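Chemist: Counting from 45, one number per residue, gives the positions in the sequence shown under our numbering. First the structure, which I've put down as structure tokens, then a few questions once you've had a look.
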Amino acid sequence: MTSPPLKHTPTRPSVTLRCTSCGATYTDAEPLWACVASATHGTCGGVLTVDYEWPSALTTEREAALEQGRNDTGIWRYAHFLPLRTPAAPVTLGEGDTPLIPLPRWGERHGLRRVYAKLEYVSPTGSFKDRGAASVVAKAAEWGISRMVEDSSGNAGAAIAAYSARAGIPCDVYVPASAPTAKVRPIERSGANVRRIEGARADVTAAALNAVGDGSSYYAAHNLNPYFTEGMKTAAYEVLEALGSRIPDHMILPVGGGSLFVGLWRGCQEWRSWDWVKSCPRMHVAQSTGCAPLVAAYQQGSDEPAPIDRQPTVAGGIEVVAPPRGRHILSILRESEGSAVPVDDEAILAHRALLATLEGLDVEPTAAVPLAGLAVLAQDGAVGPDETVVVFLTGSGLKDPS
Numbered sequence: 045m046t047s048p049p050l051k052h053t054p055t056r057p058s059v060t061l062r063c064t065s066c067g068a069t070y071t072d073a074e075p076l077w078a079c080v081a082s083a084t085h086g087t088c089g090g091v092l093t094v095d096y097e098w099p100s101a102l103t104t105e106r107e108a109a110l111e112q113g114r115n116d117t118g119i120w121r122y123a124h125f126l127p128l129r130t131p132a133a134p135v136t137l138g139e140g141d142t143p144l145i146p147l148p149r150w151g152e153r154h155g156l157r158r159v160y161a162k163l164e165y166v167s168p169t170g171s172f173k174d175r176g177a178a179s180v181v182a183k184a185a186e187w188g189i190s191r192m193v194e195d196s197s198g199n200a201g202a203a204i205a206a207y208s209a210r211a212g213i214p215c216d217v218y219v220p221a222s223a224p225t226a227k228v229r230p231i232e233r234s235g236a237n238v239r240r241i242e243g244a245r246a247d248v249t250a251a252a253l254n255a256v257g258d259g260s261s262y263y264a265a266h267n268l269n270p271y272f273t274e275g276m277k278t279a280a281y282e283v284l285e286a287l288g289s290r291i292p293d294h295m296i297l298p299v300g301g302g303s304l305f306v307g308l309w310r311g312c313q314e315w316r317s318w319d320w321v322k323s324c325p326r327m328h329v330a331q332s333t334g335c336a337p338l339v340a341a342y343q344q345g346s347d348e349p350a351p352i353d354r355q356p357t358v359a360g361g362i363e364v365v366a367p368p369r370g371r372h373i374l375s376i377l378r379e380s381e382g383s384a385v386p387v388d389d390e391a392i393l394a395h396r397a398l399l400a401t402l403e404g405l406d407v408e409p410t411a412a413v414p415l416a417g418l419a420v421l422a423q424d425g426a427v428g429p430d431e432t433v434v435v436f437l438t439g440s441g442l443k444d445p446s
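Structure follows, in structure tokens:
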């Protein structure tokens, strides 16, 4: 069915970048991923966020932009709400528009009647990272970047490699020397150059940053890059459109670096500020007890991720000891009146199996973390039986068949 002609052609908002640490601002014409303002000890290096300035006819412009997107698919239905100057030429593999389905049997088992799962693993490379990869690689293509650089042996590496291939941009992915071959192969199959680095995880990041060099290469920085995070907010848009007036009371997801968590909150806040929804959900972080710096900080009432002694965990996708967006994540928890829940490996694997048995959904262990967390919240009475909950299942079980 063809949509009727638009009564108004939307004007794109102007885009600026703002440092959340020092307040410095930049245009989006310069390929930045972190703040480069001068600081006492070198450069600031703070996390950047994207600010939009819409024309004066705010409601008309945004509603026209949303209506225009009805003829498109995936995250590019929201092209006018993303920081691209040329939305007509996106880099896409069909990401977004992931299913939102009820979990009646799992919910009944835990005394909850309105549990929904957002199947983010139903994505081209099998994880939610495709939203961010599409956005950041599209921006890089807009700038004419000659090489993408990423440091990840997991879902982010596979996504950046695939979308770089789609855009025709060479890609280098830096991984720990110990990275399992099974994780590296999908990255190599997309044509990326895999660079194995000896030493600690921080050494891998340092090598990637050193490789960026003269500015012809661009650091995708999935845990830090503002354009990556902007792609993530489209998941919130999809949930809010799908549920209509039934705004979720709670959203819960596994959190490592927090790009999806921050993106979801940003998307909900935007819709609330535009009066498209009346409220935002309570946001909940779920982490493995083996690596839970945000849980520790939340429990201590701290504004910063807490130092931890990392232990091995089956939830390798969220093993981030020092999340760059930690302060922001903790502020979202406070503002939304959410929580941070620790779950152990036994509970993670049990809920992975239970989800498959009761609902027929196969996810990787990291994606089962929020289910284990939701079970704890339900048992503690933090989530009521008739409240609407959206759980984000972030990675396919095919990525970890063990």
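Just so it is clear, CB atoms sit at the ideal spot from N, CA and C, and this is done for glycine as well. This one's a predicted model, so the numbers in the text were calculated from it and none came from an experiment.
#1: Considering only their Cβ atoms, is the gap separating V387 from V420 smaller than 8 Å?
#2: So, helix, strand or coil for Q313, using DSSP?
#3: Compare the Cα-Cα distances from G201 to each of Y263, A185 and L147 and report the closest residue.
#4: Using the Cβ count rule (16 or more neighbours within 10 Å means buried), how would you classify R175?
#5: Quick one: grab the DSSP three-state call for H124.
#6: Once the 5 residues before and after P214 are set aside, which same chain residues still bring their CB inside 6 Å of it?
#7: Suppose you measure from the CA of T410 to the CA of A416; what does that come to, to the nearest Å?
#8: Helix, strand or coil: which one does DSSP assign to V435?
#9: What number of angstroms, rounded off, separates the C-alpha of Q331 from the C-alpha of L338?
#10: How would you call G259, buried or exposed, if buried means at least 16 neighbouring beta carbons within 10 angstroms?
#11: Would you say V413 and P325 are within 8 Å of each other, going by their C-beta atoms?
#12: Span of the alpha helix (DSSP H) holding H372?
#13: In angstroms, rounded to a whole number, what distance separates the CA positions of A246 and I373?
#14: With C-beta atoms as the reference, is V434 less than 8 Å away from M276?
#15: With T69 and V80 assumed to form a contact (beta carbons below 8 Å), what rounded beta-carbon distance in angstroms separates them?
#16: Assign K173 to one of two classes, buried (16 or more other C-beta atoms within 10 Å of its C-beta) or exposed (fewer than that).
#17: Taking Y70 as part of the beta strand (DSSP E), name the residues at either end of that continuous run.
#18: Is it the case that the CB of G113 approaches a heavy atom of the ligand ATP more closely than 7 Å?
#19: I'd like the list of long-range same chain contacts for Y122, defined as Cβ closer than 7 Å, with 5 residues on each side in sequence excluded.
#20: Note down the Cα distance separating P143 from A83, rounded to an integer number of angstroms.
#21: What do you reckon, are the CB atoms on P349 and L92 nearer than 8 Å?
#22: Straight-line CA distance for E408 to D347?
#23: D319: which of V385, L284 and T401 sits nearest, CA to CA?
#24: Ordered along the chain, which non-local residues of its own chain (more than five positions away) have a Cβ less than 6 Å from that of P146?
#25: Please give me, in chain order, every unbroken run of the alpha helix (DSSP H) with length at least 4 that falls completely inside the segment 288-340.
#26: Suppose the cutoff is 7 Å on Cβ atoms and the five residues either side in sequence are ignored; what does the same chain contact list for D444 look like?
#27: Roughly how many whole angstroms lie between the Cα atoms of G301 and E379?
#28: Does the pairing of the segment 304-322 with the segment 180-200 give three or more beta-carbon distances under 8 Å?
#29: Locate the beta strand (DSSP E) running through A161, then write down its first and last residues.
#30: Ends of the alpha helix (DSSP H) at T410?
#31: By alpha-carbon positions, which one of V385, G361 and T401 ends up nearest to Q423?
#32: Under 8 Å between the Cβ atoms of E97 and S58?
#33: For the putative contact between D406 and G441, defined by C-beta atoms under 8 Å, what is the C-beta separation to the nearest angstrom?
#34: When we look at the beta-carbon of S222 and count the other beta-carbons within 10 Å, is it buried (16 or more) or exposed?
#35: Checking the sheet assignment: what are the DSSP bridge partners for D430?
#36: Assuming E232 is part of the alpha helix (DSSP H), what are its boundary residues?
Modeler: Answer, in terms of the structure:
#1: For the purposes of this step, residue 420 is taken as residue 376 along the sequence shown, with counting starting at 1. For the purposes of this step, residue 387 is taken as residue 343 along the sequence shown, with counting starting at 1. Yes, the pair counts as a contact, with Cβ atoms nearer than the cut-off.
#2: Counted from its first residue, the sequence shown places residue 313 at position 269. Here Q313 carries a helix assignment [DSSP, helix/strand/coil].
#3: Stepping through the sequence shown from its first residue, residue 201 is reached at position 157. Nearest option by C-alpha distance: Y263.
#4: Looking up residue 175 in the sequence shown gives position 131. By the C-beta density criterion, R175 is buried, having at least 16 other C-beta atoms within 10 angstroms.
#5: The residue you call residue 124 lines up with position 80 of the sequence shown. Correct three-state label for H124: helix.
#6: Counting from 1 along the sequence shown, the entry for residue 214 is found at position 170. Taken in chain order, the residues that qualify are R191.
#7: Position 366 of the sequence shown, counted from the start, is the residue given in the question as residue 410. Position 372 of the sequence shown, counted from the start, is the residue given in the question as residue 416. Whole-angstrom Cα-Cα distance: 10 Å.
#8: Your numbering for residue 435 matches position 391 in the sequence shown. DSSP, read as helix, strand or coil, puts V435 in strand.
#9: Locating residue 331 in the sequence shown gives position 287, counting from the first residue. Locating residue 338 in the sequence shown gives position 294, counting from the first residue. Between Q331 and L338, the C-alpha separation is close to 8 Å.
#10: As a working mapping, residue 259 is identified with position 215 in the sequence shown. Of the residues assessed, G259 falls on the exposed side of the cut-off, its CB having fewer than 16 other CB atoms within 10 angstroms.
#11: Within the sequence shown, numbered from 1, the residue matching residue 413 stands at position 369. Within the sequence shown, numbered from 1, the residue matching residue 325 stands at position 281. Their beta carbons are not under 8 Å apart, which means V413 does not touch P325 by this criterion.
#12: Within the sequence shown, the letter at position 328 stands for residue 372. First-last of the alpha helix (DSSP H) with H372: G370 to S380.
#13: Locating residue 246 in the sequence shown gives position 202, where the first residue counts as 1. Locating residue 373 in the sequence shown gives position 329, where the first residue counts as 1. A direct Cα-to-Cα measurement between A246 and I373 gives close to 21 Å.
#14: Within the sequence shown, numbered from 1, the residue matching residue 434 stands at position 390. Within the sequence shown, numbered from 1, the residue matching residue 276 stands at position 232. Contact: no.
#15: Taking the first residue of the sequence shown as 1, we reach residue 69 at position 25. Taking the first residue of the sequence shown as 1, we reach residue 80 at position 36. Actually they are not in contact, since the Cβ atoms of T69 and V80 sit about 12 Å apart, beyond 8 Å.
#16: One-based indexing of the sequence shown puts residue 173 at position 129. Around the beta carbon of K173, 16 or more other beta carbons lie within 10 angstroms, which makes this residue buried.
#17: Residue 70 sits at position 26 when you count from the first residue of the sequence shown. Element bounds for Y70: T69 to T71.
#18: This structure does not include the ligand ATP; it has no bound ligands of any sort.
#19: Mapped onto the sequence shown, residue 122 falls at position 78. Closer than 7 Å at the Cβ level, and outside the excluded window around Y122, lie G113, T278 and Y281.
#20: As a working mapping, residue 143 is identified with position 99 in the sequence shown. As a working mapping, residue 83 is identified with position 39 in the sequence shown. The alpha-carbon separation between P143 and A83 amounts to approximately 45 Å.
#21: Taking the sequence shown and counting its residues from 1, the one referred to as residue 349 is at position 305. Taking the sequence shown and counting its residues from 1, the one referred to as residue 92 is at position 48. No, they are not a contact pair.
#22: Translated into the one-based positions of the sequence shown, residue 408 becomes position 364. Translated into the one-based positions of the sequence shown, residue 347 becomes position 303. Looking at the two C-alpha atoms, the distance is approximately 30 Å.
#23: One-based indexing of the sequence shown puts residue 319 at position 275. The shortest C-alpha separation from D319 is found at L284.
#24: Residue 146 sits at position 102 when you count from the first residue of the sequence shown. Hits under 6 Å: Y160.
#25: If we require 4 residues or more, the alpha helix (DSSP H) runs fully inside the segment 288-340 come out as 303-317.
#26: As a first step, residue 444 is located in the sequence shown; it is residue number 400 there, counting from the start. Result list for D444: E408 and P409, in chain order.
#27: As a working note, residue 301 is residue 257 in the sequence shown. As a working note, residue 379 is residue 335 in the sequence shown. Approximately 19 Å between the Cα atoms of the pair.
#28: With fewer than three CB-CB distances shorter than 8 Å, the segment 304-322 does not count as touching the segment 180-200.
#29: Along the sequence shown, read from residue 1 onward, the residue named residue 161 stands at position 117. First-last of the beta strand (DSSP E) with A161: R158 to L163.
#30: Numbered from its first residue, the sequence shown carries residue 410 at position 366. It spans P409 to D424 - the alpha helix (DSSP H) in which T410 sits, taken as one unbroken run.
#31: For the purposes of this step, residue 423 is identified with residue 379 of the sequence shown, where counting begins at 1. The shortest Cα separation from Q423 among V385, G361 and T401 belongs to V385.
#32: Position 53 of the sequence shown, counted from the first residue, corresponds to residue 97. Position 14 of the sequence shown, counted from the first residue, corresponds to residue 58. Result yes, Cβ atoms of E97 and S58 sit closer than 8 Å.
#33: Position 362 of the sequence shown, counted from the start, is the residue given in the question as residue 406. Position 397 of the sequence shown, counted from the start, is the residue given in the question as residue 441. Yes, they are in contact, since the Cβ atoms of D406 and G441 sit about 3 Å apart, within 8 Å.
#34: If you number the sequence shown from 1, residue 222 lands on position 178. Exposed.
#35: As a working note, residue 430 is residue 386 in the sequence shown. Note: D430 is not bridge-paired with any residue in the DSSP secondary-structure output.
#36: Position 188 of the sequence shown, counting from 1, holds the residue named residue 232. DSSP places E232 in the uninterrupted alpha helix (DSSP H) bounded by T225 to R233.
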